[in-house]
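Per this note's numbering, numbering through the sequence shown is continuous, rising by one, with the last residue being 96. Each remark here refers to the structure printed beneath this line.
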Amino acid sequence: MDVHVDEYRMSSKGLNITAVEDTVSSVLSRDKHRFQVPKCQRAYAWKKEQLEAFWNDLLSVTSGESETH
28 MDVHVDEYRM SSKGLNITAV EDTVSSVLSR DKHRFQVPKC QRAYAWKKEQ LEAFWNDLLS
88 VTSGESETH
């Protein structure tokens, strides 16, 4: 799988910020990161409509139809 990475740098009032574009699969597959759902969000459950909207956003971004959701 090819990974598309772009770096964006911003400096404001002495604070340097670097943003890097990456794929979701690359972020989730990194060994050094552990992702957890906060306790306050664990009871939240998506309905079919929210899942379809999320999935369609992912498809449009990954297919190149849209750069953002």
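Ideal Cβ placement from N, Cα and C applies to all residues, glycine included.
Item: When the Cα atoms are used, what is the spatial distance from Ser118 to Asn43?; Value: The question about residue 118 has no answer, for the chain in this structure spans 28 to 96.
Item: Can you look up Val32 in the DSSP assignment and give me helix, strand or coil?; Value: Caution applies to Val32, whose pLDDT of 48 falls short of 50 and renders its modelled position unreliable; the value that the coordinates give is listed next. Reduced to three states, the DSSP call for Val32 is coil.
Item: Which one or two residues does DSSP pair with Val51 in a beta bridge?; Value: DSSP, once it has assigned bridges, lists no residue as partnering Val51.
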